[in-house]
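Chains as they are written, first to last, in this note's numbering: chain B, 308 to 438; chain H, 1287 to 2006.
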């Protein structure tokens, strides 16, 4: 099942992480759940196509920091950011950093799934370019 | 100020004064010689030299009197020795003449509040008493003794003639000479053409009358008082219109006329024996002079009192006007109007009000007013231009500069700026409040040649008034700031912080619940749902729900705990404090807030800030409710009282539109508001805060219109 897309979920809140895990599994994705950005970065490898759903406000490295780190490392991993406080500045920063979507918690499940699908499409496209 | 008033004379000035005394002494003697009645021995109608010395001693500070004596002595010796008198007599006569001047000037200096002025009854009476009576009478005893012992002349005859002559001389010479010298030294203003015309007319009338009376032209035989009938009205004219100086000149002129006519053998006095005719003229003039001089002094005094009163009324009018400006005008306009009135009153070209600000209290121009001529000063950096002057003002001193020369050597910068700005006169007064310099007011005169007659006392009163206005404005700004701070805290900080925190902390469980529920639905829809899985999901949803409930409970606890330091509080004092906070708002909205406080102190237990916030909120609501009503209805009453159930009631009533139908039930819900700009948090917060105090808030519409809000809090024991 190498074609089953992978969605990485990063959220320091266990409840949010678990519920997202379930939601994405119910939608048919392979889910890798991490409690922090560092935990994700320590992952050895990631099956493609893949995308990332991360909280913005986390202890240690924030979602925006992660976005920047990934971009600097040259990894082309589409990201979806979500946050409880949706100030315009965060949203603009996320978009400027190349995030696919910025979602305001609590978000509609359909919005999340649509965003995930869009992110995965983008990763599939880059996979096609690379091959 | 003339050099003479300052009390210290430079050597050059001393030399000039001595020369003037010598010259005057000589001229006075020559005049005396021309007025000698030939038949009456070597006695003159007037003998001015003694009075000249009197004048000198009045004008020159006591420490320089010796200069006057020294200057007069050679002239005296030259004249009298020339007249062929024995040296002993001449020397002794100089002593007796000087003793007359010393008694006259000393007496006047001792008893008069202003020895060189003769414009009050007191000053005139002192002058007449000391110079007109005491000095001639007393010195004549010594003079007669000299003549009697050394020349063998009859003692009382000499005494009589000399006394009579010297009384008239002192009366007629001293006032006009003193006033003349003073006016010359001070550069007195030019009299108006009208006044000069009047003086000329009076002089002509006197000359005519003198010829008629003393020339015997109008000789009504056997009616001795005839002369007085003609001269009296003219002397009255001089006294009423030209003061003591006028009387003095008239006496002098008349004496000349009398002497001239009598010397030429004309009537009426020429008919008397020579000495008697001389004394008759002297007595006649003296007797007329005494009361007229007193009358002139009295009239001057009354005139000045009237002018003073007029000036005081004008000044009080200014104070009233400024005070009214500060009450009736909005703060900015009140200072502008106030300075305009000050500027117009003092006829200044520029008036600036500087206020201290910042940590080290630097002064800067806050308000200003100017005439067209004062326009160049607008925007000038006075504090930088006049470092010395404003340094003194900041130390609490009042400064006055009429001309650049008023600055001391160390104020070179100030002096240069004074010239550069083209200032003529300036006064700067500190504005003191609570013993500290809070600002300064400066008055400037720019018109060339203008010498402002600014009264120091009036200036300082104006400064005091402005200082209190500044202090009041400062206090108002302070109150307004703290009120706004409190209001902002109530609206944004307190409730805003709460809602931000609520939103944040509730997001996570809500997101979890939503995702979990959605996942469960998808599993069920896909037919992949298993009971253990669904159970797990439901347990997570319940946990998240519990978490959300915990958040809300915690927030409520924080709200309840915040600043919670219960104290015994006087309900009336709470209302008073709130009254201070809203006072300026009430003025701005033209709302009358009436307080109906319980006569006895009533107490509640609670947090002062919380309860003041509740009251502030309710009273501000009430004021807003009436703000658009006609003025008579813009009334809010705040009542405090105890009810029968051991509670303290705060009842706030307005005459506004009242609450809309059905609004009462939603009243305390957050985000419900009838105000276009409100957040609808006020009453919700109020109820929450009152809950913590075991209190309640009740709103209703009054039967007579308007809303009535009743806050009830359990009363605390009066003697806690």
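Every residue, glycine too, gets a C-beta built ideally from N, C-alpha and C. The structure presented is a predicted model; accordingly, all values stated were derived computationally and were not measured.
With a CB to CB cut of under 6 Å and the five nearest residues on each side skipped, what residues in its chain are close to residue i?
| i | result |
| --- | --- |
| residue 1408 of chain H | none |
| residue 1712 of chain H | 1687 and 1730 |
| residue 1913 of chain H | 1875 |
| residue 1304 of chain H | 1353 and 1357 |
| residue 1999 of chain H | 1890, 1934, 1979 and 1981 |
| residue 1624 of chain H | 1608 and 1611 |
| residue 1636 of chain H | 1656, 1660, 1663 and 1730 |
| residue 1544 of chain H | 1500 and 1567 |
| residue 1738 of chain H | 1711 and 1731 |
| residue 1365 of chain H | 1315 |
| residue 1652 of chain H | 1639 and 1641 |
| residue 1461 of chain H | 1404, 1530, 1531 and 1534 |
| residue 408 of chain B | 387 and 422 |
| residue 354 of chain B | 313 |
For my contact list, residue i and residue j are in at a C-beta cut-off of 8 Å; report their separation, rounded to the angstrom.
| i | j | result |
| --- | --- | --- |
| residue 383 of chain B | residue 433 of chain B | 5 Å |
| residue 1902 of chain H | residue 1867 of chain H | 6 Å |
| residue 334 of chain B | residue 1808 of chain H | 7 Å |
| residue 1498 of chain H | residue 1518 of chain H | About 13 Å separates the two Cβ atoms, so there is no contact after all. |
| residue 343 of chain B | residue 319 of chain B | 6 Å |
| residue 315 of chain B | residue 357 of chain B | 7 Å |
| residue 1251 of chain H | residue 1456 of chain H | Since the first residue shown for chain H is 1287 and the last is 2006, residue 1251 of chain H is missing from the structure and cannot be characterised. |
| residue 1837 of chain H | residue 1792 of chain H | 6 Å |
| residue 1410 of chain H | residue 1583 of chain H | 3 Å |
| residue 1877 of chain H | residue 1926 of chain H | Not confirmed; about 19 Å, so no contact. |
| residue 375 of chain B | residue 404 of chain B | 6 Å |
| residue 1909 of chain H | residue 1863 of chain H | Their Cβ separation, rounded to whole angstroms, is 16 Å, which puts residue 1909 of chain H and residue 1863 of chain H out of contact at 8 Å. |
| residue 1402 of chain H | residue 1468 of chain H | 6 Å |
Give a yes or no on whether 8 Å exceeds the smallest Cβ distance from residue i to chain B.
| i | result |
| --- | --- |
| residue 1809 of chain H | yes |
| residue 1778 of chain H | Confidence at residue 1778 of chain H is low in this model, with a pLDDT of 49, below 50, so the placement of that residue is unreliable and no value is reported for it. |
| residue 1885 of chain H | no |
| residue 1816 of chain H | no |
| residue 1630 of chain H | no |
| residue 1764 of chain H | no |
| residue 1831 of chain H | no |
| residue 1820 of chain H | no |
| residue 1657 of chain H | no |
| residue 1826 of chain H | yes |
| residue 1914 of chain H | no |
| residue 1834 of chain H | no |
| residue 1839 of chain H | no |
Can you find a C-beta in chain H that's less than 8 Å from the C-beta of residue i?
| i | result |
| --- | --- |
| residue 342 of chain B | no |
| residue 334 of chain B | yes |
| residue 320 of chain B | yes |
| residue 326 of chain B | yes |
| residue 330 of chain B | yes |
| residue 323 of chain B | yes |
| residue 404 of chain B | no |
| residue 308 of chain B | Because residue 308 of chain B carries a pLDDT of 41, less than 50, the predicted location of this residue cannot be relied on, and the following value inherits that uncertainty. No, no contact with chain H. |
Kindly list the residues whose CB is nearer than 8 Å to the CB of residue i, restricted to its own chain and excluding five residues on each side of it in sequence; keep chain order.
| i | result |
| --- | --- |
| residue 1723 of chain H | 1642, 1647, 1679, 1680, 1681, 1682, 1716 and 1717 |
| residue 1565 of chain H | 1446, 1447 and 1450 |
| residue 1585 of chain H | 1525, 1526 and 1529 |
| residue 363 of chain B | 369, 370, 371, 388, 389, 390, 397 and 401 |
Based on DSSP bridge pairs, tell me the residues matched to residue i.
| i | result |
| --- | --- |
| residue 1550 of chain H | None, per the DSSP bridge assignment. |
| residue 1731 of chain H | H:1711 |
| residue 1997 of chain H | H:1936 and H:1983 |
| residue 1925 of chain H | H:1882 and H:1937 |
| residue 2018 of chain H | In this structure chain H extends from 1287 to 2006, so residue 2018 of chain H is not present and cannot be described. |
| residue 1716 of chain H | H:1726 |
| residue 1688 of chain H | H:1711 |
| residue 1643 of chain H | H:1648 |
Take residue i and list the residues in its own chain whose beta-carbon comes closer than 7 Å to its own, dropping the five residues that flank it on each side.
| i | result |
| --- | --- |
| residue 1923 of chain H | 1880, 1882 and 1939 |
| residue 310 of chain B | none |
Report the residues of the segment 1918–1929 of chain H with a CB closer than 8 Å to any CB of chain B, ordered along the chain. The segment 1918–1929 of chain H vs chain B, Cβ under 8 Å: nothing.
Using a beta-carbon distance cut-off of less than 9 Å, what residues from the segment 407–419 of chain B approach chain H? Of all residues in the segment 407–419 of chain B, only 411, 412, 413, 414, 415, 416, 417 and 419 place a beta-carbon less than 9 Å from a beta-carbon of chain H.
Within 9 Å of chain B by C-beta, residues of the segment 1874–1899 of chain H in sequence order: Across the segment 1874–1899 of chain H, no CB contact with chain B closer than 9 Å is found for any residue.
Could you name the residues of the segment 1793–1805 of chain H whose beta carbon sits closer than 8 Å to any beta carbon of chain B, in the order they occur along the chain? For the segment 1793–1805 of chain H, which is checked against every Cβ of chain B, the residues closer than 8 Å are 1793, 1794, 1795, 1796, 1797, 1798, 1799, 1800, 1801, 1802, 1804 and 1805.
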